[in-house]
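Residue numbers (UniProt numbering): 1 to 640.
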């Protein structure tokens, strides 16, 4: 082991058992090697530094091991020693960097050399790193070789972008996706390496190193190597890690979070100024605040989050998080995290990051300006905390305890009425206190509460009135002029037909029944699409979706008594509550181009069906033209 090598090279795994965080890949590979079922081509994909190339080397060592088939290389044979850490390499295991060998000529050269048998080992294995850099033409040149290789040839493709490998190559390989290493696993691994290196590391610094590595083992070891190189006699301390990695100190985060909880704007903006004056990056500070708010949201929902691994912090920091989360409401934390996340997105590429940071803080401190759901919930959280911090509020209906009344002592017997002979009033005798041995007067019996009279049964609704609270026939007839005005703006033909040939004769919870004066008008209404126009107008104005039933008007039959028609001029000044609510809804939803109805309807607009001189034979052409179109009908002149 050479001390000059970097940590990620000195501690590169040599067996699948040493690979951390990739059990979903190493377990099936070990099973396939032990059973001698290794495939001729593999595709390892995943983020950088998660063990793809290292696993490809371990796979090559295991396949060429002298004791094969084995799940792990023995580490004793010539092939295993050549491919070990610091080994010279094997002539039968060829590693190719596809970033510089990605053309058709390189693929042709590989294809010509691949048919030669291995020099010493069992297989000739090609490990092609950064395989997504290979061009499509080069992949097509290798396709036949990858699809039907000779028995001694194996391929291992490693890439961070598997979607760029053409589908014909991917379909001929066994694909194993690698993942980022979990933080807890990586923290334990770093502590183990520091122990092997003999370097002390602060437990509070481990989460910072893991966070800087981003789940990549190689990147994390590079960060740790930097910290170990700059460590003093005390090892890797928290202050050293914060200074070198550029993170915001916990004291500064605690200060700004406590100021948010107390709505202390002066402290918040002083912290922002301190961040700028010390030369820290406002974007990094914003990201650290968002990370802290994320921890507080989780701690508020799960108090033992640090013990369960949901929050990776030291023990003393976990206690501070619990205390800080208790100063916020759940809605306040979520709203603050949401605002910081949006602001962090706006900061990307911004020329004035400090201004955006101060605006973010101002929004967090001012929930009253947020009219959204989170803003309302945040204001309620603050009110609840203020109530809980003050005097307890008595339950609803309970009066607060009042001071005991002052009881005036009066004489037990009335004083005699003074006479002229004795003008002076005798002094009042003192009231003797009642001792505990004397019999106490029995308490007066508490009178029983009088029985509450049962409510009188509601009168049965009138026929056709519908369920309680719904519209009845009279209500719909009161609203009918407004409905006709709405229909007039939608379809004039339907308005003319309903104004002259139909009236409301029945209504229930599901249907509205219209009576027509003649069969021709009823047929035109049913077949001409007017039914849908009326149904939509009722939905828009009244808010009720009725089924429209068109029948012959019983009042139009010979000998029948016509029902009364309620016009707008004869409306009851005190309509039912349902009709009043419908009338308010109509006034609110009236289109701007539809004028309100006058209090008295014109004589030519609403036909009075009680008029005995009314001609019920149908629409009269001359009168209709004069009334609707304003035309003047010229009578036919006799021929001279």
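Backbone N, C-alpha and C fix where the C-beta goes; we use that ideal spot for every residue, glycine too.
Could you check the C-alpha separation between residue 279 and residue 156 for me, to the nearest Å?
47 Å
Could you pull the start and end residues of the beta strand (DSSP E) that residue 95 belongs to?
93 to 97
Starting from residue 177, follow its DSSP beta bridges and name the residues at the other end.
45
Can you name the start and end residues of the beta strand (DSSP E) that residue 548 belongs to?
547 to 552
Own chain, CB closer than 8 Å to residue 174, minus 5 neighbours either side, in chain order:
39, 41, 42, 43
Give the single residue among 161, 158, 116, 184 whose Cα lies nearest to the Cα of residue 152.
116
Beta-carbon separation of residue 261 and residue 327 under 7 Å?
yes
Please classify residue 348: is it buried, with 16 or more other beta-carbons within 10 angstroms of its beta-carbon, or exposed?
exposed
DSSP three-state assignment for residue 503, whether helix, strand or coil:
strand
Strand pairing of residue 493, partner residues [DSSP]
Answer is none; residue 493 lacks a bridge partner.
Residue 481 classed as buried or exposed, judged by whether at least 16 other C-beta atoms fall within 10 angstroms:
buried
Quick check on the burial criterion: 16 or more other C-beta atoms within 10 angstroms. Buried or exposed for residue 52?
buried
Beta-carbon contacts of residue 182 that lie in its chain and below 8 Å, excluding the five residues immediately before and after:
21, 215
Could you check whether residue 376 and residue 341 sit closer than 7 Å to each other, using their CB atoms as the reference points?
no
With respect to the beta strand (DSSP E) encompassing residue 156, which residues constitute its N-terminal and C-terminal limits?
153 to 159
Among 201, 210, 248, which residue has its Cα nearest to the Cα of residue 232?
201
Run through DSSP, which three-state label would residue 513 get?
strand
Give me the Cβ distance between residue 263 and residue 365, rounded to the nearest whole Å; I'm assuming they're in contact under 8 Å.
6 Å
Residue 241 to residue 148, Cα distance in whole Å?
53 Å
Round the Cβ separation of residue 46 and residue 177 to the nearest angstrom and send it over; I've been treating them as touching at under 8 Å.
6 Å
Beta-carbon proximity of residue 259 to residue 267, cut-off 7 Å:
yes
For residue 136, collect the residues of the same chain with a Cβ closer than 7 Å to its Cβ; drop the 5 residues on either side in sequence, then sort them by chain order.
166
To the nearest angstrom, report how far apart residue 499 and residue 493 are at their CA atoms.
10 Å
How many angstroms separate the CA atom of residue 308 from the CA atom of residue 298?
11 Å
Reducing DSSP to helix, strand and coil, say where residue 235 ends up.
strand
Applying the 10 Å Cβ sphere with the 16-neighbour rule, what's the burial state of residue 419?
Unreliable positioning characterises residue 419 in this predicted model, as indicated by a pLDDT of 43, which lies under 50. A coordinate reading is not provided.
Classification of residue 547 by the beta-carbon crowding that lies within 10 angstroms, buried from 16 upward:
exposed
By DSSP, does residue 20 sit in helix, in strand, or in coil?
coil
Roughly how many angstroms lie between the CA atoms of residue 553 and residue 524, to the nearest whole one?
15 Å
Name, in chain order, the residues that DSSP records as bridge partners for residue 127.
95, 156
From residue 323 to residue 79, what distance separates their C-alpha atoms?
58 Å
Write down the C-beta distance between residue 107 and residue 142 rounded to the nearest angstrom, noting that I regard them as a contact closer than 8 Å.
5 Å
Residue 284 and residue 246 look like a contact to me (Cβ under 8 Å); what is the Cβ gap, rounded to whole Å?
6 Å
Report the three-state DSSP secondary structure of residue 364 (helix, strand or coil).
helix
Within 10 angstroms of its Cβ, does residue 295 collect 16 or more other Cβ (buried), or is it exposed?
buried
If residue 545 and residue 539 are in contact, beta carbons under 8 Å, what's the gap, nearest whole angstrom?
5 Å
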